[in-house]
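Protein chains in written order, with my numbering: chain Z, 9 to 378; chain W, 35 to 489. Ideal placement from N, C-alpha and C gives every residue a C-beta, glycine not left out. Keep in mind the model is a prediction, meaning the values are calculated, not measured.
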């Protein structure tokens, strides 16, 4: 009996000791790590070493409150991102930790090459979170990463632009890494990325346009105005403004709630089309003339007509370009009986679709009390 | 009494025997009372007998009453009279404060105990804002009196027994006969009668002695000094054990959640008590996991929390020489020492100890870069949240569990911490308190529960 007991005890000791050995690679104190806050990838024109990887590292300081975070940058050109990062490890005396790499920026030049390999790297790395944001840097990723806006505070490198905790704007498209990857693979749903443009003096970052990649096509840039309406359609963005210009009257509506619904109409009788219902509620924020509260329904009608025109234009433009960032194709695949050719049918159908946009703007008040 | 006449010849011998047994005791008194025809002999130990009461009850009436028959009748009618017992028991009763009176060749045993421990103490272990401010005394008779005063019900049963080979302490088993779970009662009685410790001084010792497992961590009986808690639990069908000389009671059976209840929970209004309860469980969770979370977050998974926090921890750890778990262990041990010291120290020095320990040690440890600032905050938070647990014994248990969880976190990060927590839960669920599940969480009202068990 006692032999069994001591044997068991010995076993327990051996197991617990082996735990210590195994923990060798996992246990690393936080002061022995350096946090990579954003990763940038640019394309060099060198065929042998096409990728230039830029890492933005946060240097922890004793008094975070007084000095803020200081950053340092590591840059390396290499034939693949993985090898660049392996080499970059030798440039720092601490372990690179990608756990907080929340923003991944691709240089604009990179978009003209195949992104599959790059996206693959980021998705494979287990220490890069899938909820990182992906963006495009203009003119290049390095410029964007090295820009330090004066308002940037402790460690918040670019995160606040996307996470809806900081700035909330209809002009910003946020795309997660997992979403980006999904849209790259999925047919009938195209990726769209926000464009971060840095000013020349490296003091300011502007993000109000976006880039659309349809599959096997050149990237296509959406203007701020188009980005805004894309956001309305795809993300039900609520911090939105509509500018209405009718006759001599110019007024702006601040939107509180917006909701978009669409339906694919493909029965044989009519011409196939998409029926899109957008309902928007808001108040008047600015106008060049006295607004009459009794005329609110008229103003709403003007706004609806204006929005309808804009949205139809955007949809037509997307259709012309054969891009589908809203996911009409995916909806088609999901709601039709699946055959081998479902997606092929859609590809034939999409260029011919008619858009029936129905916008219902309701202005709740003129925004002033008389 | 008359039936005793055949033992007349032995009564004097018994007295002689008692005298011989106790002869070496200097405070033994053997006093003959003699006037005219009347003759009575008293034997008692002076220091445990109430002299004034003896004078009033025995000596004065002896001289006032006419004849020895009257005296005998009078003594036999006294409520203090104890039933006839064998001489060994008499000897024991003498040491407890009884007086042996020899009247007309028979021995009467009168209980004229003097007790200096009757004062009812103020609550010191479990203070609450509302509710009774006095707890129990250190005298068992007074305590039973207090409990009976607060629980007027004919079914309240008090059973007495003796415990301790040397000390012969009296132990009261108190329960409400209508509500008590009979299995548990039988279990407790069986275990108590099997006990034979040489000395037993405190009811809390019973917690260890009645436990089947020799080495246990969690208390399976609840110690309390609060009379309202005793009454509350009696009404819940529990068994209360009360030992002479101890101002605390133990209550069995218990569930884990009993230890997290304060009596204030009954007195306050609904939302306030809910909030306090939530706060208490949060405190429990915090003091269990915070050290582990710190080690996991600094050494394994810094990506789990916000980047600002990661950078701030990294910044405050600049220059700390040892790995995080050494740092945590170091600070935790000193915190435990501080807690322990403030219990043992004389009250006058406690303030100095906490100032020196808390203020100077904490400040200096960060200045000397032996620990990070955030570590100091965590140690402080852990210490405070440990004190939130209302029952002392449970908070001692939790202090040990915390260290075990720290070990798990040091081996495998957050995953290890979760693993350890699950293990702790499993440990709790397999425990039982006198056959009743320890971690019982099926929801039922108190009334439904007591009705079910009593039927």
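Put simply, the segment 322-330 of chain W touches the segment 445-464 of chain W. At least three CB pairs are less than 8 Å apart. The beta carbon of residue 62 of chain W lies closer than 7 Å to those of 56 and 79 in the same chain, with the five residues before and after it left out.
Cβ atoms of residue 173 of chain W and residue 157 of chain W stay farther apart than 8 Å, at about 17 Å. Judged by their CB atoms, residue 214 of chain W and residue 241 of chain W are not nearer to each other than the 9 Å cut-off.
Contact between the segment 136-149 of chain Z and the segment 183-197 of chain Z is established, with three or more Cβ pairs separated by less than 8 Å. For the segment 79-127 of chain Z, the continuous beta strand (DSSP E) assignments of 3+ residues that do not extend past its boundaries occur at 103-105 and 111-115, in sequence order.
From the beta-carbon of residue 95 of chain Z, no residue of chain W is found nearer than 8 Å; the closest lies around 23 Å away.
Contact annotation for residue 357 of chain W against chain Z: 35 and 37 [CB-CB distance below 8 Å, chain order]. Distance from the Cα of residue 213 of chain Z is smallest, within the candidate group Z/204, Z/220 and Z/221, for Z/204. If you ignore the 5 residues before and after residue 296 of chain Z, its C-beta comes within less than 6 Å of the C-beta of 258, all in its own chain and listed in chain order.
Under the Cβ distance rule, residue 167 of chain Z counts among the residues neighbouring chain W, one pair being separated by less than 9 Å.
Residue-level contact by beta carbon fails for residue 172 of chain Z and chain W, as no gap is shorter than 9 Å. The alpha-carbon of residue 282 of chain Z is positioned some 10 Å away from that of residue 323 of chain Z.
Going by DSSP, residue 95 of chain W is part of the alpha helix (DSSP H) stretching over 94-98.
Looking at W/381, W/187 and W/370, the one whose alpha-carbon comes closest to that of residue 391 of chain W is W/370. Considering only beta carbons, the part of the segment 137-157 of chain Z lying closer than 9 Å to chain W consists of 137, in chain order. Following the DSSP letters along the chain, one finds residue 168 of chain Z inside the alpha helix (DSSP H) bounded by residues 167-170.
Residue 236 of chain Z counts as buried, since no fewer than 16 other beta carbons sit within 10 angstroms of its beta carbon. The contact set of residue 107 of chain Z on chain W, defined by CB atoms closer than 7 Å, consists of 336 and 337 in chain order.
Using a Cβ distance threshold of 9 Å, residue 50 of chain W and residue 135 of chain W do not count as a contacting pair. From the listed residues W/380, W/400, W/376 and W/67, the smallest Cα separation to residue 389 of chain W is found for W/376. Looking at the backbone, the Cα of residue 81 of chain Z and that of residue 89 of chain Z are separated by about 16 Å. Taken atom to atom, the span from the alpha-carbon of residue 230 of chain Z to that of residue 127 of chain Z is near 22 Å.
Taking a C-beta cut-off of 9 Å against chain W, none of the residues of the segment 184-214 of chain Z qualify. Put simply, of W/383, W/443, W/138 and W/431 the residue whose alpha carbon is nearest the alpha carbon of residue 462 of chain W is W/431. Under the three-state reduction of DSSP output, residue 331 of chain Z falls in the coil class, being neither helix nor strand. With a cut-off of 8 Å on Cβ pairs, the segment 342-351 of chain Z is not in contact with the segment 302-316 of chain Z, counting fewer than three such pairs. In terms of CA proximity to residue 274 of chain Z, Z/354 leads the group Z/310, Z/254 and Z/354. Interface with chain W (9 Å Cβ-Cβ cutoff): residue 255 of chain Z is excluded. By the rule that beta-carbons nearer than 9 Å mark a contact, residue 249 of chain W does not touch chain Z. By the C-beta density criterion, residue 49 of chain Z is buried, having at least 16 other C-beta atoms within 10 angstroms. Listed along chain Z, no residue sits closer than 9 Å to residue 215 of chain W by beta-carbon distance, the nearest being about 36 Å off. Taking CB atoms only, residue 405 of chain W has no neighbour in chain Z less than 9 Å away. Here DSSP, grouped into helix, strand and coil, assigns residue 465 of chain W to coil. Identification of residues in the segment 260-276 of chain W having a C-beta nearer than 9 Å to some C-beta of chain Z yields an empty set. Distance check between residue 475 of chain W and each of W/393, W/428, W/188 and W/291 places W/291 closest, using alpha-carbon atoms only.
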